[in-house]
Amino acid sequence: MVMSTVKRLRHRLSPLMFAPVFAFVALISWGLSSPVGSSPDDEFHLASIWCGQENSRCAAGETPGERMVSPELLIDAVCYAYKPGVSAECQGEDFGSTPGQLIESDRGNFSALYPPVFYAAMSLLAGSNVETSVMLMRIANAALFVGLMTTTFLLLPQRRRLTLVWASVITAVPLGMFIIPSTNPSSWAILSAALLWISLLGYFESTGKRKVGLAVVALVAAVMGAGARADAALYAILAIALVMLITARRDAGYWIQAILPASLIAVAGLLYLTANQSAALTAGLPPVDGGIGLSPIGLIASNLLLVPSLWAGVFGSWNLGWLDTALPPTVWIATLGSFCAVAYVGIGSKVRRKTLALAIVLAALWLVPTVVLVRTNALVGSYVQPRYILPLMILLAGFALLQRRSTQDGSDTPLHLTSLQALVPVVALSVANSISLHTNIRRYVTGTDLSGVNLDTNHEWWWSIPTSPMFVWIVGSISFALLLFCLCSLLIRRREASTVMSANSATPDWTPDDLEIPTASLPGS
55 MVMSTVKRLR
65 HRLSPLMFAP
75 VFAFVALISW
85 GLSSPVGSSP
95 DDEFHLASIW
105 CGQENSRCAA
115 GETPGERMVS
125 PELLIDAVCY
135 AYKPGVSAEC
145 QGEDFGSTPG
155 QLIESDRGNF
165 SALYPPVFYA
175 AMSLLAGSNV
185 ETSVMLMRIA
195 NAALFVGLMT
205 TTFLLLPQRR
215 RLTLVWASVI
225 TAVPLGMFII
235 PSTNPSSWAI
245 LSAALLWISL
255 LGYFESTGKR
265 KVGLAVVALV
275 AAVMGAGARA
285 DAALYAILAI
295 ALVMLITARR
305 DAGYWIQAIL
315 PASLIAVAGL
325 LYLTANQSAA
335 LTAGLPPVDG
345 GIGLSPIGLI
355 ASNLLLVPSL
365 WAGVFGSWNL
375 GWLDTALPPT
385 VWIATLGSFC
395 AVAYVGIGSK
405 VRRKTLALAI
415 VLAALWLVPT
425 VVLVRTNALV
435 GSYVQPRYIL
445 PLMILLAGFA
455 LLQRRSTQDG
465 SDTPLHLTSL
475 QALVPVVALS
485 VANSISLHTN
495 IRRYVTGTDL
505 SGVNLDTNHE
515 WWWSIPTSPM
525 FVWIVGSISF
535 ALLLFCLCSL
545 LIRRREASTV
555 MSANSATPDW
565 TPDDLEIPTA
575 SLPGS
């Protein structure tokens, strides 16, 4: 009786209970690490957000594709862009408090370049003070990510939860941590990539209220992704198609359930068509200087060889912000190494459907940027940025970590990591996150012309909040490390539990090409 009570208490006090709090604090720390306008093309996004509602910072222009916009959104907010030695002090002491004289501009989503959903949602938080409004938007996007991730985690069958969290974690540092709590539409594209495919997979595996809940999550993730970026709409369609590839069965019940993914494809397709951005994949982007003069074959070959640098850019080899915040090589070596190590363990599950899904995602990672760049007559290094392909990298990690199921007892092959093996990526990612966060704060509080560990010394810019840059860095670094240790503890306990179960049961009978979905759902899934 006493032992049973102790076990229940230990279960209720699981470190995972605190994981959402650590994740939220870590993301908010990144949200505080940079000023208004720090994400790429943020003057475009800020103008689009404020022009989503009637307010003193946006008015009608002479043509439908132009607006009268406050210079604080277009010019003052990004005064430090492309100038790494310039701190955010250039925004001025009164930045964000008064709209000033409006100027005419076409820098905004005034010609429906992007889908409308993200800007419409963020405009609800656009108020009279730019700094306060932007911070509320960053907090909201961090809360949306953590809240939906937590909801999905609780709804998913237990065997899928590690896939959800680790696919996101090993692709988060540093680019994902910077973009998620931002005013950039890529924030929602990342969220959609992390949630849509796994919630849809869980929908096919579950019954009852769990099934309904996961269907709702899949719908929300599809609308958020496709409603933020045209390429995210295509990625959503790809993710749905891959889940159907993996789960397909020859019974009528399956095809009734497939009405949901078919509907999600229709929703994503409609939102894709609302954006003029959708023409980029077929027609390319408008070149600035007429291209680079290579032959078609040479252009294709060069881009195919260079595209993997975009993959590494997700992990920190490319600069953050306006591509002017350089990170030490330690960051991308640690993060890319962790990604490769964990994904390599995951692909040990040799199932043809999973292998096919991985091959398709890898092909998309290679071909999508290549096609856009070739159509634009440009090389890797311009136009296409790592944040555009980060959703595909999350899909690659997710399908790599997907584990197959036994047809005899419904159990899965666990990730074969010892405690020490699991500790390595935890430490590597924690250190990489801390270095990246410190570097990002330093770039904006003083500019890169100053250095040193203490971020409070001689800082020129900071938010009007009662916490210092150094405090934010310390709290953010510790929170992310604690988050990873929570997830690591689940991984180790799950492996040990699976080992005990295997020792007490018959050897499972694996089928060669039957992946995660059984003919009928298991009770209690």
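Residues in the sequence shown are numbered consecutively from 55, following the numbering used here. For every residue, glycine included, the Cβ atom is placed at its ideal position computed from N, Cα and C. No experiment lies behind these values; they were computed from the predicted model shown.
Would you mind sorting residue i into buried or exposed? The rule is 16 or more other CB atoms within 10 Å of its CB.
i    : result
Q155 : exposed
P520 : exposed
A73  : buried
S68  : exposed
R283 : buried
L278 : First, the amino acid is wrong: residue 278 is Met here, not Leu. Buried is the call here.
I313 : exposed
N330 : exposed
W309 : exposed
Between the alpha carbons of residue i and residue j, how many angstroms are there, rounded?
i    : j    : result
S87  : T511 : 16 angstroms
S165 : I234 : 25 angstroms
P440 : A243 : 13 angstroms
A476 : C542 : 6 angstroms
A269 : L249 : 11 angstroms
L100 : T237 : 7 angstroms
Y326 : S317 : 14 angstroms
A355 : I319 : 33 angstroms
V507 : H492 : 8 angstroms
V480 : A535 : 7 angstroms
T472 : S488 : 25 angstroms
P125 : P239 : 21 angstroms
Y442 : R496 : 26 angstroms
I129 : A77  : 33 angstroms
P562 : T424 : Confidence at P562 is low in this model, with a pLDDT of 32, below 50, so its placement is unreliable and the value that follows should be read with caution. Using only the alpha carbons, I get a separation of about 43 angstroms.
N357 : L296 : 26 angstroms
G139 : G501 : 4 angstroms
M231 : D305 : 42 angstroms
T205 : L273 : 14 angstroms
F207 : V415 : 23 angstroms
According to DSSP, is residue i helix, strand or coil?
i    : result
A411 : helix
I294 : helix
T205 : helix
I319 : helix
T379 : strand
N43  : Any answer about residue 43 is impossible in this case: the structure gives the chain only from 55 up to 579.
R192 : helix
V422 : helix
R283 : coil
V45  : Here the chain has residues from 55 to 579 only, and residue 45 is not among them.
V438 : coil
R121 : strand
A114 : strand
L288 : helix
L348 : coil
Give a yes or no on whether the minimum CB-CB distance between residue i and chain D is below 8 angstroms.
i    : result
F534 : Looking at the structure shown, chain D is missing, and only one protein chain is on hand.
Exercise. Should the segment 98 to 105 be regarded as contacting the segment 215 to 227, the criterion being three or more beta carbon pairs within less than 8 angstroms?
Worked result: no
For this session: Could you tell me which uninterrupted alpha helix (DSSP H) segments, each at least 4 residues in length, are contained entirely in the segment 203 to 238, listed from first to last along the chain?
Result: 212 to 223 and 229 to 233
Problem set entry | Residue ranges of each alpha helix (DSSP H) within the segment 142 to 167, 4 or longer | none
Exercise. Would you call the segment 109 to 124 and the segment 143 to 155 in contact, with 3 or more CB pairs under 8 angstroms?
Worked result: yes
For this session: Jot down the residue ranges of each uninterrupted alpha helix (DSSP H) in the segment 461 to 526, minimum 4 residues, whole runs only, in chain order.
Result: 473 to 499
Problem set entry | At least three beta-carbon pairs within less than 8 angstroms, the segment 417 to 431 to the segment 169 to 185 | no
Problem set entry | Start-end ranges of the alpha helix (DSSP H) lying completely within the segment 61 to 108, minimum 4 residues | 73 to 86 and 96 to 104
Exercise. Do the segment 288 to 295 and the segment 256 to 266 touch if we need at least three Cβ pairs shorter than 8 angstroms?
Worked result: no
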